[in-house]
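Colleague: Can you read through this structure? Questions will come right after.
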Amino acid sequence: MKVSKGYALPMLLIIALGAIGLSYAWWTETLVIDPTVNTGELKVEFVNGQAPGKDWNTPNWRTYGAAPHVIRTWSWSPDKLTIYITLSNMYPRTGSQRFAFGIINTGTIPAKLKDVTVTITGDPTTVHYIRTQGKIEYCKNDLTKVWEKSFGNWPHIDGDPYEKDIPLENLENTLDSLIAGTVLYPGWMLGFGEDEGEESGSLGFAMHATAPEGTEGQTITVAITFTFEQWNAP
Amino acid sequence: MKSKVAGLFAVVLIALAVLGFSYAWWTETLTISGTITTGELDVAFTGTPSKSCSDYMTCDVNLVDGGEPDLPGHTDMSKMTVTVENAYPCGWCNITFTITNVGSIPAKFTGMTGDVPSQLSVTLEGINVGDTIAVGRSKTCTLKIHVEEGAGESTSYTFTLTLNFGQFNA
Numbered sequence: 054m055k056v057s058k059g060y061a062l063p064m065l066l067i068i069a070l071g072a073i074g075l076s077y078a079w080w081t082e083t084l085v086i087d088p089t090v091n092t093g094e095l096k097v098e099f100v101n102g103q104a105p106g107k108d109w110n111t112p113n114w115r116t117y118g119a120a121p122h123v124i125r126t127w128s129w130s131p132d133k134l135t136i137y138i139t140l141s142n143m144y145p146r147t148g149s150q151r152f153a154f155g156i157i158n159t160g161t162i163p164a165k166l167k168d169v170t171v172t173i174t175g176d177p178t179t180v181h182y183i184r185t186q187g188k189i190e191y192c193k194n195d196l197t198k199v200w201e202k203s204f205g206n207w208p209h210i211d212g213d214p215y216e217k218d219i220p221l222e223n224l225e226n227t228l229d230s231l232i233a234g235t236v237l238y239p240g241w242m243l244g245f246g247e248d249e250g251e252e253s254g255s256l257g258f259a260m261h262a263t264a265p266e267g268t269e270g271q272t273i274t275v276a277i278t279f280t281f282e283q284w285n286a287p
Numbered sequence: 185m186k187s188k189v190a191g192l193f194a195v196v197l198i199a200l201a202v203l204g205f206s207y208a209w210w211t212e213t214l215t216i217s218g219t220i221t222t223g224e225l226d227v228a229f230t231g232t233p234s235k236s237c238s239d240y241m242t243c244d245v246n247l248v249d250g251g252e253p254d255l256p257g258h259t260d261m262s263k264m265t266v267t268v269e270n271a272y273p274c275g276w277c278n279i280t281f282t283i284t285n286v287g288s289i290p291a292k293f294t295g296m297t298g299d300v301p302s303q304l305s306v307t308l309e310g311i312n313v314g315d316t317i318a319v320g321r322s323k324t325c326t327l328k329i330h331v332e333e334g335a336g337e338s339t340s341y342t343f344t345l346t347l348n349f350g351q352f353n354a
């Protein structure tokens, strides 16, 4: 059957409208869910006066034993995750140059210490004769001590043998083995130091009594970086 | 002339007689009066949602009237607001809630649509496309929000999910 153009157009229009009408005829209903997800913050810093009652709130040097003339400085990176320590004019049988500081979780989720990196700049022989010792405290946010760990000849008593102390080049492995994997919950701290009079301060540096003459006039720089990650990272 | 007048009169009489015969037929009617009331396709969140989150994360859930037309005397909760705080990668929140058919015809679930950010993944369990909720019956569903790697710190992600329903026989 032949359909003229005059009839075809209205017929198509009617069919299309019918189809649309059929689609619109079905009823629909919706439920709406509006979620908002606010993420937290992973943040760990060297303590800077945030915990009253502990001397190591503000990083600083302490000296235990005789160590006149030793020149020491410190600074930290802008992100406060690396501390730079400089020792110069050291000499054999120096007393322990103790640097006291703490690390606090100022974020909103727990942080796990992934590793400690110690980068040393200076004459390797001199580095070998620089020995370290120290004590680390793990504290809750109310400063309750959970545990403490010491390394090297702690406390380094003037005149004690230096053999138990850790050569500076082994400091990284020592710290890693002691505290890597530690989880800092929000407000919790790792304290390198304790307010115990002359024994306070816990990351100590001393020069071995047998340091050869070749170690004269050397300056050693130590950069210690603490890398944290989410506590539940695989 | 007289005969013509008489003829006309006779024709009029015959015509009137015929008309009178027609009017004499009786008539009667039957009437059907109909009323059709349509049903309502209506689903709503009911009950109190429960939630659970991974450590250190929190979640707040509220049901509100989303403004959908309701049956007289009813206020249906058609909108759920969810606020998750302190989220972190690999963290999660599960919200379990109930959907009830408060209408008068069965409702068929036709799917969930939404603009979920790539830093999150969202799944809905307990109901599948094609599932029908009978009138007055409910389905318990769980919305699972998972934070993916790459989510930013101290960031807010907001999105909307729509649960779509249609007639059971569509």
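Residue numbers (my numbering), protein chains in the order written: chain P, 54 to 287; chain E, 185 to 354.
Ideal Cβ positions, reconstructed from N, Cα and C, are used throughout, including at glycine.
The structure displayed is predicted, hence computed values, not measured ones.
(1) Could you tell me whether the segment 227-236 of chain E touches the segment 257-275 of chain E, where touching means 3 or more Cβ pairs closer than 8 angstroms?
(2) Using CA coordinates, which residue listed in F204/P, L237/P, G234/P, T235/P is at the minimum distance from N223/P?
(3) Which residues in the same chain as N142/P place their Cβ atom closer than 6 angstroms to its Cβ, once the five residues preceding and following it in sequence are excluded?
(4) Measure the beta-carbon distance from N278/E to K328/E and round it to whole angstroms, keeping in mind my assumption that it falls under 8 angstroms.
(5) Could you name the residues of the same chain whose beta carbon sits closer than 7 angstroms to that of T294/E, not counting the 5 residues immediately before and after it, in chain order?
(6) At the level of alpha carbons, what is the spacing between W200/P and E309/E?
(7) Hey, how far is the Cα of T135/P from the Cα of T278/P?
(8) Which two residues bound the contiguous beta strand (DSSP E) that contains S141/P?
(9) Quick check: what's the CA-CA separation for T297/E versus T346/E?
(10) In this structure, what does DSSP give as the bridge partners for I220/E?
(11) CB N206/P to CB K217/P, shorter than 7 angstroms?
(12) Shorter than 7 angstroms from the beta carbon of T147/P to some beta carbon of chain E?
(13) Measure from the C-beta of E94/P to each C-beta in chain E and report whether the shortest distance is under 7 angstroms.
(14) Please identify the residue among Q150/P, G160/P, Y137/P, E225/P whose C-alpha is closest to the C-alpha of V171/P.
(15) Near G250/P, what residues of its chain come up, given a Cβ to Cβ distance below 8 angstroms and the 5 sequence neighbours on each side ignored?
(16) At the 7 angstroms Cβ level, is N348/E part of the contact set with chain P, yes or no?
(17) Can the beta-carbon of V90/P be found less than 7 angstroms from the beta-carbon of V268/E?
(18) Quick one: which unbroken beta strand (DSSP E) runs of 3-plus residues sit fully inside the segment 249-295 of chain E? Chain order, please.
(19) CA-CA distance, M260/P and I138/P?
(20) Expressed to the nearest angstrom, what Euclidean distance is found between the alpha-carbon atoms of A335/E and K193/P?
(21) So, for V319/E: in the same chain, excluding its five sequence neighbours on each side, which residues have a beta-carbon less than 7 angstroms away from its beta-carbon?
(22) Cβ closer than 8 angstroms: which chain P residues qualify as neighbours of W283/E?
(23) Is the beta carbon of I173/P closer than 7 angstroms to that of V275/P?
(24) So with Cβ pairs under 7 angstroms, would you call I162/P a contact of chain E?
(25) Among P88/P, N285/P, P287/P, T263/P, whose alpha-carbon lies nearest the alpha-carbon of S305/E?
(26) Kindly indicate the opening and closing residues of the beta strand (DSSP E) around L304/E.
Modeller: A quick look at the data gives this:
(1) yes
(2) Closest by alpha carbon: F204/P.
(3) The answer, listed in chain order, is H122, V123, I124.
(4) 5 angstroms
(5) V313, N348, F349, G350
(6) The alpha-carbon atoms of W200/P and E309/E are separated by roughly 44 angstroms.
(7) 4 angstroms
(8) 135-141
(9) Between T297/E and T346/E, the C-alpha separation is close to 5 angstroms.
(10) In DSSP, I220/E forms no bridge with anything.
(11) yes
(12) no
(13) Yes, E94/P lies at the interface with chain E (some Cβ there is under 7 angstroms from its Cβ).
(14) E225/P
(15) With a pLDDT of 48 at G250/P, under the threshold of 50, the predicted position of this residue should be treated as unreliable, though the coordinate-derived value follows. Hits under 8 angstroms: none found.
(16) Answer yes: the Cβ-Cβ gap between N348/E and chain P drops below 7 angstroms somewhere.
(17) yes
(18) 263-271, 276-285
(19) 15 angstroms
(20) Going by the C-alpha atoms only, they are around 28 angstroms apart.
(21) N285, G287, S288, I289, P290
(22) In the sequence as presented, Trp is not what sits at residue 283/E; that position holds Ile. Under the 8 angstroms cutoff, chain P gives L84.
(23) The beta carbons of V275/P and I173/P sit closer together than 7 angstroms.
(24) yes
(25) Among P88/P, N285/P, P287/P, T263/P, the Cα nearest to that of S305/E is on P88/P.
(26) 304-309
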